[in-house]
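Per the UniProt record's numbering, residue 1 is the first one in the sequence shown, and the count goes up by one each step.
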Amino acid sequence: MSATAAQKTPATPATELAIAARGLSLGYGSLPYVTELDLEVKRGEIVAVLGANGAGKSTTIMGLAGALKPYAGHVEINGEVTTAPMRMRARQGLAVVTQERCVFMGMTVRDNLRAGGVTVEAALEYFPELEEHVGRTVGFLSGGQQQMLAAARAIARRPKILLADELSLGLAPKIVDRILEVLERACREENLGVLLVEQQVVKALSVAHRGVVLRRGRLELEGTATELKSRLDEVQALYL
């Protein structure tokens, strides 16, 4: 089911395919979690993936990242079919940031960035508020600071595609707004394609160009952000 209102237009029209799922079915063991998913993200756009807990959002991220082998269908990166494992997809321009804040707690901010192949200067271009913490051990930072570090490390590598999985989980609203602001900037300035998995519907649609809603592993609703904001009752009904 597709929405039909006028599309929210990116600053630079998105035309080049970044990542796509084509008839993708995923699961764990014999249990299917995502079924026949068709989804595209182009360079220079943010696509929000919405849905209730258990809808298949994080499973979709894992399949696109190469952490789960599909039952059926395939993934395309930069317009080409890929079966590469997760570590190899990073070489194809893919970066992933998850709700787990995948940082090294016993290392300093500076060393975390270096471990990710990123200079402090490049990271501070996006999150200058981290400057006073570059020598601190990450385990002593707040959850919001840790998530900003994880986002900075991913974005400063200048990837082509970013998969962002529920970055808002457990964070203060102002931190969520700050991270989404940086994602929007990287999308606009670096032509980054972003797949944004998010529980907070309104926040996600405030930065997204398009959105899809999953329910029990199937795509049930899709449209531009403007369209979906005008149909919030339908979107929220799919959370039930």
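Glycine included, every Cβ here is placed at the ideal spot set by N, Cα and C. Keep in mind that this is a model prediction, so the values were computed, not measured.
Note that the C-beta distance between residue 110 and residue 120 is below 8 Å. Per DSSP, the continuous beta strand (DSSP E) segment holding residue 95 begins and ends at 94 to 97. If only uninterrupted beta strand (DSSP E) runs of at least 3 residues are considered, those enclosed by the stretch 102 to 180 are 161 to 165.
With contacts defined as CB atoms closer than 8 Å, residue 157 and residue 117 qualify as a contacting pair. Within the same chain, and ignoring the five residues on either side of residue 85 in sequence, the residues whose Cβ sits closer than 7 Å to its Cβ are 66.
Around the beta-carbon of residue 30, fewer than 16 other beta-carbon atoms lie within 10 Å, marking it exposed. The alpha-carbon separation between residue 228 and residue 47 amounts to approximately 12 Å. If you look at residue 73, you'll find it in the beta strand (DSSP E) that goes 72 to 77.
Rounded to the nearest angstrom, the gap between the Cα atoms of residue 150 and residue 73 is 30 Å. In this structure, the straight-line span from the alpha carbon of residue 16 to that of residue 197 is close to 21 Å. Around residue 139, the same chain offers 105, 106 as residues with beta carbons nearer than 8 Å, after the five sequence neighbours per side are excluded. The alpha-carbon separation between residue 26 and residue 125 amounts to approximately 37 Å. Going by C-alpha positions, residue 60 is about 7 Å away from residue 34. In the displayed model, residue 36 falls within a strand according to three-state DSSP. CA-CA distance, residue 191 to residue 136, rounds to 32 Å. Non-local beta-carbon contacts of residue 56 in its own chain, meaning distances under 6 Å to residues more than five positions away in sequence, involve 33, 34, 214, 217 in chain order. Contact annotation, residue 194 with residue 219: C-beta distance approximately 18 Å; criterion of less than 8 Å not satisfied. Taken through DSSP and simplified to helix, strand or coil, residue 42 comes out as strand. Setting aside the 5 residues that flank it on each side, residue 77 is surrounded in the same chain by 19, 92, each with a C-beta closer than 6 Å to its C-beta; the list follows chain order.
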